[in-house]
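Residue numbers for the sequence shown, in this note's numbering: 8 to 202.
Encoded as structure tokens, the structure appears first; notes follow it.
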Amino acid sequence: MAVSQVTQEGDASLQVDSDAESESTTEEIELSKDEIFYLLKNRRRRDIVRYLMDNDGTATLSELAEHIAAWENDIDVQALNSGQRKRVYVALYQTHLPKLAENGIIEYERNRGDVTLTEHADRLKTYLEDEEPESDPWSKRYAALSVAGAAAIGLLTVGGVSIGISMTQFTVLLTAAFLVASLAHTYEVRLGLDR
Numbered sequence: 008m009a010v011s012q013v014t015q016e017g018d019a020s021l022q023v024d025s026d027a028e029s030e031s032t033t034e035e036i037e038l039s040k041d042e043i044f045y046l047l048k049n050r051r052r053r054d055i056v057r058y059l060m061d062n063d064g065t066a067t068l069s070e071l072a073e074h075i076a077a078w079e080n081d082i083d084v085q086a087l088n089s090g091q092r093k094r095v096y097v098a099l100y101q102t103h104l105p106k107l108a109e110n111g112i113i114e115y116e117r118n119r120g121d122v123t124l125t126e127h128a129d130r131l132k133t134y135l136e137d138e139e140p141e142s143d144p145w146s147k148r149y150a151a152l153s154v155a156g157a158a159a160i161g162l163l164t165v166g167g168v169s170i171g172i173s174m175t176q177f178t179v180l181l182t183a184a185f186l187v188a189s190l191a192h193t194y195e196v197r198l199g200l201d202r
């Protein structure tokens, strides 16, 4: 029996194979971006998927609980106490693993505690990439222009250095440089060249 939901264009669709009463069936689960974001909004669910992706796609519930508790407490697994481990274990068991399994991201055998990443989890990689923002070349360009302008103004006013133009002329040139940089930045963003 195939179950599918209609989603908006650009949404990720997941197809999950399952056996129900010895009968092979295929359930199609389609997740919208909102549903994916909802799944991944919780750090523990992101950590589960990341851990599985980094460790051949399989783990036990105990193993996941230990590693996630260690990350949350910023300590080694060996330094965890039973309370830290238990808090994460209970949350994974009751909430996070069932939610990921229900949406076809993992297979979760609750009785044995085995967790396996499904092939559909690959669709989440885009959303799990490093959370640190990429370096923006334009911020560096604006910073360099600001430093150069401030240094020149300092030399003109405090150092008494003459570069052949007045302070007013220099201010106009510096303003023009920022205007040109801003226009170039805007042009690049509109063309999509900054990505």
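Think of the CB as a built atom: it goes at the ideal place given N, C-alpha and C, for glycine as much as any other residue.
| Asked | Found |
| --- | --- |
| Test item: CB-CB of ARG92 and ALA66 under 8 Å | no |
| 6 Å Cβ shell around TYR96 - same chain, five flanking residues per side excluded | ALA72 |
| Length of the line joining the Cα atoms of VAL165 and VAL179 | 19 Å |
| Reduced DSSP category for LEU38 - H, G, I as helix; E, B as strand; rest coil | strand |
| As assigned by DSSP and simplified to three states, the class of LEU87 | coil |
| Three-way DSSP call (helix, strand, coil) for THR178 in this model | helix |
| Whole-angstrom C-beta distance between LEU59 and VAL122, which should lie under 8 Å | 7 Å |
| Alpha-carbon spacing of SER69 relative to VAL84, whole angstroms | 11 Å |
| ILE113 - partner residues in DSSP beta bridges | LEU124 |
| CB-CB length for LEU99 against ILE113, believed under 8 Å | Actually they are not in contact, since the Cβ atoms of LEU99 and ILE113 sit about 11 Å apart, beyond 8 Å. |
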